[in-house]
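Quick note on the working numbering: the sequence shown kicks off at 7 and runs consecutively.
Yeah, the Cβ is synthetic: ideal placement off N, Cα and C, and Gly gets one too.
First the structure, in the form of structure tokens, and then the observations on it.
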Amino acid sequence: MSKPEKTVLALDAHGGDQGLAVSVPGALAALESDQGLEIHLVGNEGELTSALEKVGSAARERLRIHPAATVLAVDASPADVLRRGRDSSLWKSFERVAAGQASACVSSGSTSAMMVSGVKLLGTLTGIQRPALMAYAPSLGGHTGLLDLGANLRVSARQLVQFAVMGSVTAAEADGRDNPRVGLLNVGHEDSKGHDVVREAHAILQDLPLNYVGFIEGHDIFGGTVDIAVCDGFSGNLVLKSSEGLARMFLQELRSAFNSNPASRLGGMMAAPSLRRMLARLDPAAHNGAPLLGLNGVAVKSHGGTDVAGLTRAILEAGREARRQVPRRIEASIHEYQLETSA
């Protein structure tokens, strides 16, 4: 009996703040967690060979090295990516997906570089003008997918509806959500609230066979009332960055409170198990891995400053999306609902 084919992922080994120090152990951890994966590490051949010589894990057999001559700077402009980035580890990772040699690309590089490389090499799905970036935020009872996060600062009503469909499909296929609840971010729940674009999108969504719950406010994202929250990239980026800052402030204040006097320290020791569980839920690594939806292929953005656990989660997210053929399912839904937009 033949072994099932592996799901092959291309990993930009030099993306992110710590490069190989995170990408190699992150790849190994993902392989140990998912026996059906094979990972192609794309980057400096000499550095990767040296790093893998120190690896004793049996998962090493499912790692391959593919050379790339350069690494894109974090602040590389779209023009720089197109002119001078074609030998970079990010570009070469996308090339493997475009050539059918990998099913997904994962990188901790810059969002703009991923957007430019992905659109140039993979193209967008039929009827999709521009991809949207989705990330997961912790919420009561689980997490909520939020999109767009900055790829599209200004959007049309039809694009917002497309985001809703893309998020719903991804939540169902890659996140295992049954009939995902979708909400549209607004300044109130009433139908009369908001500007023309969100009201028009709201009207369209009400007529689609999605589990659309209507307008939501910012607090609903974290309240566990929706699985997918949809907004333009400007608003989404503000929500995400604000929530990250609030979480850091809360954790810092909590530590200060428990260290303020002996009685508080004793209380902190007694509450330690519960606090550790809460901290784990709020840890950005637990929610790392932002898919770039709408591309003609799977691409997952990992936070540039993530640790090994965070990168591992992003890789596993890419594997799930590739296996479930999320791009094809998104394209089918966009066509079924007649939501195509012209270029």
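Spatial neighbours of residue 68 within its chain, please: CB distance less than 6 Å, with the 5 preceding and 5 following residues excluded, ordered by chain position. Contacts found: 37, 44.
Check whether the Cβ of residue 195 lies closer than 6 Å to any heavy atom of the ligand GDP, and answer yes or no. In the structure shown, the ligand GDP is absent, as is every other ligand, since no ligand is present at all.
Short check: CB of residue 51 to CB of residue 73, under 7 Å? yes
Rounded C-beta distance between residue 343 and residue 211? I'm assuming under 8 Å. About 10 Å; that fails the 8 Å criterion.
So, at 7 Å on beta carbons, what are the nonlocal neighbours of residue 206 in its own chain, with the 5 sequence-adjacent residues on each side left out? 163
Mind checking which residues open and close the alpha helix (DSSP H) that includes residue 336? Boundaries of the alpha helix (DSSP H) harbouring residue 336: 332-342, taken from the DSSP string.
Which runs of the alpha helix (DSSP H) spanning at least 4 residues fall entirely within the stretch 35-88, listed in chain order? Qualifying alpha helix (DSSP H) stretches, in chain order: 51-59.
Runs of 3 residues minimum, wholly inside the stretch 236-267: which ones carry the beta strand (DSSP E) assignment? none
Residue 13 by DSSP, collapsed to three states: which one? Reduced to three states, the DSSP call for residue 13 is strand.
Let's see if you can read the secondary structure: which residues bound the alpha helix (DSSP H) around residue 177? Segment 163-179, the alpha helix (DSSP H) holding residue 177.
Who are the near neighbours of residue 94 in its chain, counting only those whose CB is closer than 7 Å to its CB and skipping five residues on each side? Once the five neighbours on either side are set aside, the close Cβ partners of residue 94 are 74, 76, 77, 78.
On the DSSP letters alone, give me the boundaries of the alpha helix (DSSP H) that residue 210 sits inside. 202-212
To the nearest angstrom, report how far apart residue 239 and residue 272 are at their CA atoms. Those two C-alpha atoms are separated by around 44 Å.
Report yes or no: do the stretch 140-152 and the stretch 246-260 share at least 3 C-beta pairs separated by less than 8 Å? yes
Residue 134: first and last residue of the uninterrupted beta strand (DSSP E) it sits in: Boundaries for residue 134: no beta strand (DSSP E) harbours it, and the DSSP string shows neither H nor E there.
Could you spell out where the alpha helix (DSSP H) holding residue 225 opens and where it closes? 224-228
In this structure, does DSSP put residue 98 in helix, strand or coil? DSSP, read as helix, strand or coil, puts residue 98 in helix.
Counted within 10 angstroms of its Cβ, other Cβ atoms place residue 305 as buried (16 or more) or exposed: buried
Can you pull the DSSP bridge partners for residue 198? None, per the DSSP bridge assignment.
So the beta strand (DSSP E) residue 187 belongs to, where does it begin and stop? 187-191
Which one of 300, 319, 328 has the shortest CA to CA distance from residue 131? The shortest Cα separation from residue 131 among 300, 319, 328 belongs to 300.
Who pairs with residue 217 in a beta bridge, going by DSSP? 187
Could you tell me the alpha carbon to alpha carbon distance between residue 257 and residue 312, rounded to whole angstroms? Roughly 18 Å between the two C-alpha positions.
Counting C-beta neighbours from all protein chains within 10 Å, is the total for residue 192 16 or more, i.e. buried, or is it exposed? buried
Nearest-angstrom Cβ-Cβ length linking residue 308 and residue 49, presumed shorter than 8 Å: At roughly 15 Å, the Cβ-Cβ gap does not stay under 8 Å, so residue 308 and residue 49 are not in contact.
Between the Cα of residue 169 and the Cα atoms of 184, 182, 153, 159, which residue gives the shortest distance? 153
Buried or exposed: where does residue 80 fall if 16 or more other Cβ atoms within 10 Å of its Cβ makes it buried? exposed
Can you check whether the CB of residue 179 is closer than 7 Å to the CB of residue 335? Taking 7 Å as the Cβ cut-off, residue 335 and residue 179 qualify as a contacting pair.
Bridge partners for residue 307 per DSSP, in chain order? 113, 296
Hey, is the stretch 319-328 in contact with the stretch 106-114, meaning 3+ C-beta pairs nearer than 8 Å? Yes: the two stretches touch, three or more of their Cβ pairs being nearer than 8 Å.
Work out the CA separation of residue 255 and residue 262 for me, nearest whole Å. 11 Å
Ends of the alpha helix (DSSP H) at residue 316? 314-329
Cβ-Cβ distance between residue 146 and residue 188 below 7 Å: no
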